[in-house]
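Protein chains in written order, with the numbering used here: chain A, 1 to 150; chain B, 1 to 150; chain C, 1 to 150; chain D, 1 to 150.
Ideal Cβ placement from N, Cα and C applies to all residues, glycine included.
This report concerns only the one structure given below.
4 protein chains.
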Amino acid sequence: MDVHPKDPDYEGRVRRSFARQAFMATIGATLESVAPGEVVIGLPFDPSLTQQHGFLHAGATTSIADSACGYAALTLMPPGAAVLAVEFKINLLATAGGTRFRATGRVVRAGRTLTVCRGEVTADGPDGEKTVAVMQSTMIAVTDRGGMAD
Amino acid sequence: MDVHPKDPDYEGRVRRSFARQAFMATIGATLESVAPGEVVIGLPFDPSLTQQHGFLHAGATTSIADSACGYAALTLMPPGAAVLAVEFKINLLATAGGTRFRATGRVVRAGRTLTVCRGEVTADGPDGEKTVAVMQSTMIAVTDRGGMAD
Amino acid sequence: MDVHPKDPDYEGRVRRSFARQAFMATIGATLESVAPGEVVIGLPFDPSLTQQHGFLHAGATTSIADSACGYAALTLMPPGAAVLAVEFKINLLATAGGTRFRATGRVVRAGRTLTVCRGEVTADGPDGEKTVAVMQSTMIAVTDRGGMAD
Amino acid sequence: MDVHPKDPDYEGRVRRSFARQAFMATIGATLESVAPGEVVIGLPFDPSLTQQHGFLHAGATTSIADSACGYAALTLMPPGAAVLAVEFKINLLATAGGTRFRATGRVVRAGRTLTVCRGEVTADGPDGEKTVAVMQSTMIAVTDRGGMAD
Chain A
1 MDVHPKDPDY EGRVRRSFAR QAFMATIGAT LESVAPGEVV IGLPFDPSLT QQHGFLHAGA
61 TTSIADSACG YAALTLMPPG AAVLAVEFKI NLLATAGGTR FRATGRVVRA GRTLTVCRGE
121 VTADGPDGEK TVAVMQSTMI AVTDRGGMAD
Chain B
1 MDVHPKDPDY EGRVRRSFAR QAFMATIGAT LESVAPGEVV IGLPFDPSLT QQHGFLHAGA
61 TTSIADSACG YAALTLMPPG AAVLAVEFKI NLLATAGGTR FRATGRVVRA GRTLTVCRGE
121 VTADGPDGEK TVAVMQSTMI AVTDRGGMAD
Chain C
1 MDVHPKDPDY EGRVRRSFAR QAFMATIGAT LESVAPGEVV IGLPFDPSLT QQHGFLHAGA
61 TTSIADSACG YAALTLMPPG AAVLAVEFKI NLLATAGGTR FRATGRVVRA GRTLTVCRGE
121 VTADGPDGEK TVAVMQSTMI AVTDRGGMAD
Chain D
1 MDVHPKDPDY EGRVRRSFAR QAFMATIGAT LESVAPGEVV IGLPFDPSLT QQHGFLHAGA
61 TTSIADSACG YAALTLMPPG AAVLAVEFKI NLLATAGGTR FRATGRVVRA GRTLTVCRGE
121 VTADGPDGEK TVAVMQSTMI AVTDRGGMAD
């Protein structure tokens with residue numbers, strides 16, 4: 001995999017775009033790290049994010065995994081391209097209990113149009129860190145839509 | 001597909017469980033309809049739910065699709081079983097712009113342990129209703145975990 | 001969905017391309033029907049296609065579903081474009097027993113670059129026809145690779 | 001992940017089951033290695049396995065990835081359980097050209113009922129080995145169906 005960013009400002013670009021994702025602020029997610037081809041997003045547990053049994057809702061788990069994968073893809077896209085999710089698939093390995101969650105997105109293959117990523121979500125709980133979900137996703141670089149960037 | 005609910009109180013059961021999903025209230029989603037094997041969830045657009053280009057975040061789209069599929073599965077499960085998502089896959093067909101979104105979950109096959117569902121998310125926009133996402137998912141009926149139900 | 005083929009020879013084009021898919025002949029699959037946005041492929045049961053319990057191998061089920069979805073996508077692509085699978089997801093609903101299988105691929109959304117399809121595989125058995133698998137897939141129209149077409 | 005096989009004869013069990021998968025012999029696939037939680041299957045290129053452009057058909061790529069994941073799951077299942085694929089998702093990263101293909105299946109989480117695996121398919125070509133596909137799949141351990149084992 002080519003992990004040489006085409007945009008030297010890849011980190012600032014991801015941070016500015018993440019800051020515009022209102023939904024990440026709404027759920028309380030923060031950007032933990034940005035490296036070429038790999039982005040980590042953190043999310044503290046909050047009762048407002050739960051499903052019917054008190055665990056993190058799969059939709060919240062998925063939201064941070066999707067953003068982590070999308071921004072991992074964006075780190076390797078040329079300046080001017082906007083990233084959009086084409087599709088993703090997530091396996092929920094265990095009920096998402098814990099005090100804090102961490103989604104890591106990694107680029108598996110960066111193509112000119114499509115980028116394939118894998119994501120993993122871990123939970124910090126009483127027994128240490130465990131993996132609660134794994135994702136496989138496709139992102140697209142959009143370059144021809146007026147005004148849409150990053 | 002067997003669409004005869006094993007639990008005559010399937011609708012009340014889904015409504016009570018949905019009311020316990022704090023995340024649905026957090027994003028503003030409401031239960032629109034509950035029928036055997038089919039559940040519809042509505043979500044008004046809100047700027048707090050957006051991604052970086054101002055469209056509904058794929059995580060929000062996914063959250064209502066996942067809950068709709070999960071509750072569609074629950075309508076056909078025997079009393080006492082709890083529903084959990086095993087995995088899902090979503091294709092995002094178009095940027096999710098609109099004033100209101102609607103996720104419909106339908107059971108494709110209800111097995112003793114696993115239930116397979118398909119979901120669809122539509123958006124109400126200036127040009128009418130359009131489909132913005134399709135999901136395919138697997139739910140599991142959990143019957144042996146102390147205290148976990150519905 | 002726009003189901004008006006951009007290529008008036010869409011059927012001949014699919015039939016000629018299918019005839020070049022040596023793997024379809026190897027497993028004994030045939031093209032049953034070609035309509036705009038919908039293609040059906042048939043496969044008689046054969047002991048050479050089985051998994052360890054004597055049912056159709058999931059790989060064979062998937063092969064006809066993938067080809068049906070790919071050719072459904074091709075019916076709506078402009079002349080000169082080649083179709084390639086980007087990704088697919090399949091849920092195996094029941095063990096694939098029967099004397100004959102039928103995969104139907106349908107276009108859900110035909111975009112300029114990407115086309116999203118849904119597929120279904122049915123089996124003819126002693127109790128009639130049953131659905132054994134459902135697929136959701138993404139196809140890409142490739143137009144810029146020397147010599148690659150249809 | 002618990003990689004301690006519950007069945008001391010896990011390797012013989014996988015090898016005997018693989019030998020009963022007629023479809024693997026039909027396409028020319030062989031079992032390369034069996035370790036707890038990880039199985040590798042090899043497949044030489046053959047013109048009988050191609051799609052319309054002369055590359056390995058995605059169905060053949062998927063078949064070896066699915067069998068590798070299924071047998072990786074079986075290495076960790078208790079004696080008497082049979083393995084069946086519930087669902088899988090595959091991303092095709094590059095056209096599958098090469099002289100030989102290798103599918104590696106690895107267990108991500110082995111549960112009592114469900115096992116989640118990840119698979120990878122590589123191709124040996126003129127420029128060395130490249131990854132042509134990645135899979136994420138769910139397997140189920142079936143213990144209560146008369147006569148079905150491994």
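**Study point:** Test: Glu-87/B CB closer than 9 Å to a CB of chain D
**Key:** yes
Check your understanding: Under the rule that 16 or more other beta-carbon atoms within 10 Å means buried, what is Asp-150/D, buried or exposed?
Key -> buried
Practice item. With 7 Å as the limit, tell me which residues of the stretch 53-65 of chain C have their beta carbon closer than that to any beta carbon of chain D; keep them in chain order. Key: His-53, His-57, Ala-58, Gly-59, Ala-60, Thr-62 and Ser-63
Exercise for review: Reducing DSSP to helix, strand and coil, say where Ala-35/A ends up.
Suggested key: strand
**Study point:** Residue closest to Gly-111/B, alpha-carbon to alpha-carbon, out of Ser-17/B, Val-14/B, Thr-75/B and Leu-93/B
**Key:** Thr-75/B
Practice item. Taking Ala-25/A as part of the beta strand (DSSP E), name the residues at either end of that continuous run. Key: Premise fails: Ala-25/A lies in the alpha helix (DSSP H), 22-27, not in any beta strand (DSSP E).
Practice item. State buried or exposed for Ala-25/B, treating a residue as buried only when at least 16 other CB atoms are found within 10 Å of its CB. Key: exposed
**Study point:** Local Cβ density within 10 Å of Pro-5/C, reported as buried at 16 or more and exposed below that
**Key:** buried
Point to revise | Gly-70/B: first and last residue of the uninterrupted alpha helix (DSSP H) it sits in | key: 58-74
Review point. Which residue from Arg-20/B, Gly-119/B, Thr-131/B and Gly-125/B puts its Cα closest to that of Thr-138/B?
Key: Gly-119/B
Review point. Counting pairs of Cβ atoms below 8 Å between the stretch 17-35 of chain C and the stretch 54-70 of chain C, do you hit three or more?
Key: yes
Exercise for review: Starting from Lys-6/D, follow the beta strand (DSSP E) in both directions and report where the run begins and ends.
Suggested key: Lys-6/D -> no beta strand (DSSP E), and no H or E assigned at all.
Check your understanding: What residues from the stretch 122-150 of chain D come within 9 Å of chain A, judged by C-beta to C-beta, listed N to C?
Key -> Thr-131, Val-134, Met-135, Gln-136, Ser-137 and Thr-138
Point to revise | Closer than 9 Å to chain B by CB, Arg-106/C | key: no
**Study point:** Through-space distance from Cys-117/D to Met-148/C, alpha-carbon basis
**Key:** 34 Å
Review point. For the stretch 8-15 of chain A against the stretch 42-60 of chain A, are there 3 or more C-beta pairs whose distance is under 8 Å?
Key: no
Check your understanding: For Gly-97/B, which of helix, strand or coil comes out of DSSP?
Key -> coil
Review point. What residues from chain A crowd round Ile-185/B, counting only those whose CB sits closer than 9 Å?
Key: One cannot answer for residue 185/B here, as it falls past the ends of chain B, which runs 1 to 150.
Check your understanding: Can you tell me the Cα-Cα spacing of Phe-101/A and Gly-37/A, whole angstroms?
Key -> 20 Å
**Study point:** First and last residue of the uninterrupted beta strand (DSSP E) at Gly-128/B
**Key:** 128-142
Check your understanding: Cβ of Leu-49/D less than 9 Å from any chain C Cβ?
Key -> yes
**Study point:** Classification of Glu-87/B by the beta-carbon crowding that lies within 10 angstroms, buried from 16 upward
**Key:** buried
Review point. For the beta strand (DSSP E) that Leu-114/C lies in, which residues bound it at each end?
Key: 114-125
**Study point:** Where Gly-146/B sits in the DSSP three-state scheme
**Key:** coil
Check your understanding: Of the residues that make up the stretch 73-97 of chain D, which ones have a beta carbon closer than 7 Å to any beta carbon in chain A?
Key -> Lys-89, Asn-91 and Leu-93
Practice item. Starting from Leu-49/B, follow the beta strand (DSSP E) in both directions and report where the run begins and ends. Key: Careful: Leu-49/B lies outside any beta strand (DSSP E) and carries neither H nor E.
**Study point:** Reference Val-39/A, options Ala-19/A, Tyr-71/A and Gln-52/A, closest by Cα
**Key:** Tyr-71/A
Exercise for review: With a 10 Å radius around its C-beta and 16 neighbouring C-beta atoms as the bar for buried, classify Gly-54/D as buried or exposed.
Suggested key: exposed
Practice item. Measure the beta-carbon distance from Thr-113/D to Ile-140/D and round it to whole angstroms, keeping in mind my assumption that it falls under 8 Å. Key: 6 Å
Check your understanding: So what does Gly-42/D bridge to, in DSSP terms?
Key -> Thr-30/D and Arg-102/D
**Study point:** 9 Å Cβ cutoff, Arg-116/A in contact with chain D
**Key:** A small fix is needed here, since residue 116/A is Val in this sequence, not Arg. Closer than 9 Å to some Cβ of chain D, the Cβ of Val-116/A qualifies, so yes.
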